[in-house]
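K.L.:
Numbered continuously in the UniProt record's numbering, the sequence shown closes out at residue 487. All residues carry an ideal CB built from backbone N, CA and C; glycine is no exception. Dumping the structure here so I can ask a few things about it.
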Amino acid sequence: MHERNRIYLGLMISSIVILLLLQVAWLRSVNRGQKAAFRQETSLLLKSTVTALMDSLFLKDLRPSGFPPLPGIGRPDSMMNGMVWSDTTRIIHIDFIGDSSKVKEANDIHPANIQRIRVISGRSAEAADSLKINLRPLVQGVDTLKSVNSFIFRLNEETVNADVVQEAFNEVLRNNALPTTAKIRKARRHEQFEELTEKTIILEEVPVPPGSKIQAYFEDVEGFFWRNLLPHLVFSLLVLGFIGGSLLIMYRNMIKQQQLNLLKNDIISNITHELKTPVATVSLVLESLENFSAKDQPETRKEYLQIAKNELKRLTSMTEKILNSTVHGQRSGAHMEPVDLEKLVKENVNTLKPILESEGFDFELDQKGVAFVVQGQAEQLSMVIFNLLDNAIKYSKETKKIKVTLSEQGNFVSLSVEDKGIGIPEGYQKEIFGKFIRVPQKDIHDVKGYGLGLAQVAEVVKAHGGKISLESQIGQGSVFTIKLPKS
Numbered sequence: 001m002h003e004r005n006r007i008y009l010g011l012m013i014s015s016i017v018i019l020l021l022l023q024v025a026w027l028r029s030v031n032r033g034q035k036a037a038f039r040q041e042t043s044l045l046l047k048s049t050v051t052a053l054m055d056s057l058f059l060k061d062l063r064p065s066g067f068p069p070l071p072g073i074g075r076p077d078s079m080m081n082g083m084v085w086s087d088t089t090r091i092i093h094i095d096f097i098g099d100s101s102k103v104k105e106a107n108d109i110h111p112a113n114i115q116r117i118r119v120i121s122g123r124s125a126e127a128a129d130s131l132k133i134n135l136r137p138l139v140q141g142v143d144t145l146k147s148v149n150s151f152i153f154r155l156n157e158e159t160v161n162a163d164v165v166q167e168a169f170n171e172v173l174r175n176n177a178l179p180t181t182a183k184i185r186k187a188r189r190h191e192q193f194e195e196l197t198e199k200t201i202i203l204e205e206v207p208v209p210p211g212s213k214i215q216a217y218f219e220d221v222e223g224f225f226w227r228n229l230l231p232h233l234v235f236s237l238l239v240l241g242f243i244g245g246s247l248l249i250m251y252r253n254m255i256k257q258q259q260l261n262l263l264k265n266d267i268i269s270n271i272t273h274e275l276k277t278p279v280a281t282v283s284l285v286l287e288s289l290e291n292f293s294a295k296d297q298p299e300t301r302k303e304y305l306q307i308a309k310n311e312l313k314r315l316t317s318m319t320e321k322i323l324n325s326t327v328h329g330q331r332s333g334a335h336m337e338p339v340d341l342e343k344l345v346k347e348n349v350n351t352l353k354p355i356l357e358s359e360g361f362d363f364e365l366d367q368k369g370v371a372f373v374v375q376g377q378a379e380q381l382s383m384v385i386f387n388l389l390d391n392a393i394k395y396s397k398e399t400k401k402i403k404v405t406l407s408e409q410g411n412f413v414s415l416s417v418e419d420k421g422i423g424i425p426e427g428y429q430k431e432i433f434g435k436f437i438r439v440p441q442k443d444i445h446d447v448k449g450y451g452l453g454l455a456q457v458a459e460v461v462k463a464h465g466g467k468i469s470l471e472s473q474i475g476q477g478s479v480f481t482i483k484l485p486k487s
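Written out as structure tokens, the structure is:
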């Protein structure tokens with residue numbers, strides 16, 4: 001059975017470990033997904049930020065109506081005179097390389113041939129928006145060129161500054177409730193950026209004309225991802241705790257069920273011994289009577305016959321209780337009356353006297369007080385005393401000494417039964433008053449019982465408004481003490 005339990009325990013632990021690994025894999029997958037989504041979202045925000053900054057550079061180059069013509073610029077001999085596209089609100093001057101006679105509109109100019117764009121525009125916002133819409137395709141076309149040395153593109157000599165992009169980008173991130181720790185670095189398109197740490201989140205490069213690129217990266221943003229991962233982590237822990245706790249409860253219940261089955265099986269083999277105890281006492285009484293002459297010692301004969309009658313009465317009562325399952329507690333509504341505990345103790349001691357004498361017990365009765373009357377049922381309280389004395393006899397193997405103490409304690413009567421037997425382990429002292437509980441004894445095989453005596457004792461004492469306690473040490477013996485309210 002122990003081997004099978006170890007297999008069950010191993011399977012449960014393996015299941016929990018596998019579940020834990022699956023949870024870790026799932027959390028890592030969620031974390032990777034969050035980082036990918038973060039990288040994608042911030043990359044789009046970076047591109048839109050750069051585009052907005054480029055548009056702002058166009059708008060900065062707009063001039064009021066009547067602004068003096070832009071001065072000419074030096075250009076190579078191969079550069080054509082350029083093209084002027086104008087209407088009532090703006091003038092766009094595009095210097096380019098090629099045959100100007102073939103160019104009728106700005107869209108006819110290949111982006112690779114553009115050298116400079118100069119703009120003179122009106123004051124209206126509508127004109128500025130229209131200008132931005134018309135120039136954007138040209139700028140985007142320049143950005144897509146593979147050759148970086150085939151053109152020169154300037155907007156009033158201004159270029160995109162990394163610090164400006166960083167400030168604008170972090171502002172956009174703040175508006176979107178994202179970490180505002182982005183850093184921007186800029187390089188020529190043919191140059192490589194320096195390597196960063198593994199935990200750094202690096203965004204896609206964004207080309208910036210003419211011939212540059214910028215890159216955004218995030219450092220120390222693990223806390224942001226952990227905060228987003230916290231609900232998933234809590235859910236995983238709850239699932240793991242629920243399943244692990246369920247398996248643990250199932251295992252503990254299985255162990256308790258096995259123990260209960262063993263104890264119940266022990267009842268079947270030991271209950272006959274419990275019933276034989278009164279029979280053995282009667283047999284011992286009859287054997288003792290054979291050694292005495294009834295005519296010479298009538299008092300002894302009378303005493304022994306009374307013991308036999310009491311034992312037969314107890315045997316009948318025990319059999320009825322087992323058959324009728326009355327071992328589960330005292331019936332409600334039982335009649336209570338004044339009961340003298342001193343008298344009950346002496347009666348039970350006399351009942352067990354043949355066993356005490358035959359096994360060589362040293363018995364002592366100590367009385368501290370004069371009034372030991374309580375309110376209760378004599379039969380039930382007699383059963384309590386008998387069980388405590390019977391246990392003291394059973395578990396006293398080397399030092400055979402039993403001491404019963406009756407004392408008055410205020411409004412209570414205290415009865416303690418002390419033996420010098422094998423004792424009860426500390427781990428079982430709280431459970432000893434439960435039903436079908438027997439303490440395992442490796443070196444004792446002849447002590448029989450079915451684990452109902454102390455359970456019944458505890459229930460009877462509780463029904464009488466009293467308390468029962470235990471003090472015990474292994475190898476030193478045990479002291480059972482009951483306190484009952486006075487009548």
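Measuring only the C-alpha atoms, how far is methionine 318 from leucine 286?
P.N.:
Whole-angstrom Cα-Cα distance: 21 angstroms.
K.L.:
Is the beta carbon of isoleucine 393 sitting closer than 8 angstroms to the one on leucine 352?
P.N.:
It is a contact, given that the beta carbons lie within the stated cut-off.
K.L.:
What does the Cβ neighbour count give for histidine 464, buried or exposed, with the cut at 16 atoms within 10 Å?
P.N.:
When all chains shown are included, histidine 464 counts as buried.
K.L.:
Taking 7 angstroms as the line, does the beta carbon of valine 479 fall inside it for any heavy atom of the ligand FAD?
P.N.:
This structure lacks the ligand FAD, and indeed carries no ligand of any kind.
K.L.:
Could you tell me if methionine 383 is buried or exposed, where buried requires 16 or more neighbouring beta carbons within 10 angstroms of its beta carbon?
P.N.:
Buried.
K.L.:
Below 7 angstroms CB to CB, which residues in the same chain sit around isoleucine 7 once its five sequence neighbours on both sides are set aside?
P.N.:
Closer than 7 angstroms at Cβ, skipping near neighbours: no residue.
K.L.:
With a threshold of 16 other CB atoms inside 10 Å of the CB of residue 493, please say whether the residue is buried or exposed.
P.N.:
Residue numbering for the chain in the displayed model covers 1 to 487; residue 493 lies beyond these limits and cannot be assessed.
K.L.:
Around the Cβ of leucine 44, are there at least 16 other Cβ atoms within 10 angstroms (buried) or fewer (exposed)?
P.N.:
It is exposed - the Cβ of leucine 44 has fewer than 16 other Cβ atoms within 10 Å.
K.L.:
Considering just the uninterrupted stretch of the beta strand (DSSP E) at residue 545, what are its terminal residues?
P.N.:
Because the chain here runs from 1 to 487, residue 545 falls outside it and cannot be looked at.
K.L.:
Can you tell me the Cα-Cα spacing of alanine 36 and serine 14, whole angstroms?
P.N.:
Going from the Cα of alanine 36 to the Cα of serine 14 covers about 33 angstroms.
K.L.:
Spatial neighbours of phenylalanine 412 within its chain, please: C-beta separation below 7 angstroms, excluding the five flanking residues on both sides.
P.N.:
So the list reads Lys483, Leu484, Pro485 and Lys486, once near-sequence residues are dropped.
K.L.:
Tell whether a beta-carbon distance below 8 angstroms holds between valine 172 and isoleucine 184.
P.N.:
No. Outside cutoff.
K.L.:
Looking at valine 404: is its Cβ nearer than 8 angstroms to the Cβ of valine 479?
P.N.:
No, Cβ-Cβ distance for valine 404 and valine 479 is not below 8 angstroms.
K.L.:
Counting pairs of Cβ atoms below 8 angstroms between the segment 22-32 and the segment 224-240, do you hit three or more?
P.N.:
At 8 angstroms Cβ cutoff, the stretches touch.
K.L.:
Among Phe361, Phe372 and Glu408, which has the Cα closest to the Cα of threonine 399?
P.N.:
Among Phe361, Phe372 and Glu408, the Cα nearest to that of threonine 399 is on Phe361.
K.L.:
Does the separation of the CB atoms of lysine 368 and glutamate 408 fall below 8 angstroms?
P.N.:
Closer than 8 angstroms, so yes.
K.L.:
Specify, as a first and last residue, the run of the beta strand (DSSP E) that valine 417 falls within.
P.N.:
Taken as a continuous stretch (DSSP letters only), the beta strand (DSSP E) holding valine 417 covers 412-419.
K.L.:
Return the first residue and the last residue of the beta strand (DSSP E) that alanine 187 is part of.
P.N.:
Looking at the DSSP string, the run of the beta strand (DSSP E) that includes alanine 187 is 182-188.
K.L.:
Can you tell me where the beta strand (DSSP E) with phenylalanine 386 in it begins and where it stops?
P.N.:
Taken as a continuous stretch (DSSP letters only), phenylalanine 386 belongs to no beta strand (DSSP E), being part of the alpha helix (DSSP H) at 378-394.
K.L.:
Where does the unbroken alpha helix (DSSP H) through aspartate 340 begin, and where does it stop?
P.N.:
That residue, aspartate 340, is in no alpha helix (DSSP H); its beta strand (DSSP E) goes 337-340.
K.L.:
What's the C-alpha gap between proline 425 and phenylalanine 433?
P.N.:
In a straight line, the C-alpha of proline 425 is about 14 angstroms away from that of phenylalanine 433.
K.L.:
Within 10 Å of its beta-carbon, does glutamate 299 have 16 or more other beta-carbons around it, so buried, or fewer, so exposed?
P.N.:
It is exposed - the Cβ of glutamate 299 has fewer than 16 other Cβ atoms within 10 Å.
K.L.:
State yes or no: is the C-beta of valine 206 within less than 8 angstroms of the C-beta of leucine 46?
P.N.:
Yes, these two residues count as a Cβ contact at 8 angstroms.
K.L.:
Note down, in chain order, each residue of its chain lying with its Cβ closer than 7 angstroms to the Cβ of proline 68, except the 5 sequence neighbours on either side.
P.N.:
Summary for proline 68: the model assigns pLDDT 42, below 50, so the residue's position carries little reliability; its value from the coordinates is reported in the next sentence. Correct list: empty, nothing qualifies.
K.L.:
Look at aspartate 169 and threonine 49 and say whether their C-beta atoms are less than 8 angstroms apart.
P.N.:
Checking the sequence shown, residue 169 turns out to be phenylalanine, not aspartate. It is a contact, given that the beta carbons lie within the stated cut-off.
K.L.:
Threonine 181 and valine 221: beta carbons closer than 8 angstroms?
P.N.:
Taking 8 angstroms as the Cβ cut-off, threonine 181 and valine 221 qualify as a contacting pair.
K.L.:
How would you write the range of the beta strand (DSSP E) that aspartate 362 sits in, first residue to last?
P.N.:
362-368 is the extent of the beta strand (DSSP E) around aspartate 362.
K.L.:
Is the beta carbon of threonine 481 less than 8 angstroms from the beta carbon of serine 396?
P.N.:
Their beta carbons are not under 8 angstroms apart, which means threonine 481 does not touch serine 396 by this criterion.
K.L.:
Within 10 angstroms of the Cβ of lysine 186, are there 16 or more other Cβ atoms? Answer buried if so, exposed if not.
P.N.:
Counting Cβ neighbours within 10 Å, lysine 186 comes out buried, since at least 16 surround it.
K.L.:
Mark leucine 230 as exposed unless 16 or more other C-beta atoms lie within 10 angstroms of its C-beta, in which case mark it buried.
P.N.:
Leucine 230 comes out exposed.
K.L.:
Please state whether DSSP places leucine 275 in a helix, a strand or coil.
P.N.:
Helix, per DSSP.
K.L.:
Is the Cβ-Cβ distance between leucine 305 and valine 279 less than 8 angstroms?
P.N.:
No, Cβ-Cβ distance for leucine 305 and valine 279 is not below 8 angstroms.
K.L.:
Count the other CB atoms within 10 Å of the CB of phenylalanine 38; is the residue buried (16 or more) or exposed (fewer)?
P.N.:
Buried, by the Cβ-count rule.
K.L.:
Please state the DSSP three-state secondary structure of valine 208.
P.N.:
Residue state, collapsed to three classes: strand.
K.L.:
Please determine, among Asn261, Lys313 and Glu191, the residue with the shortest C-alpha to C-alpha distance to threonine 277.
P.N.:
Ranking the options by Cα distance to threonine 277, first place goes to Lys313.
K.L.:
On the CB-based measure, 16 or more other CB atoms within 10 Å of its CB, does aspartate 419 come out buried or exposed?
P.N.:
Flag for aspartate 419 reads buried.
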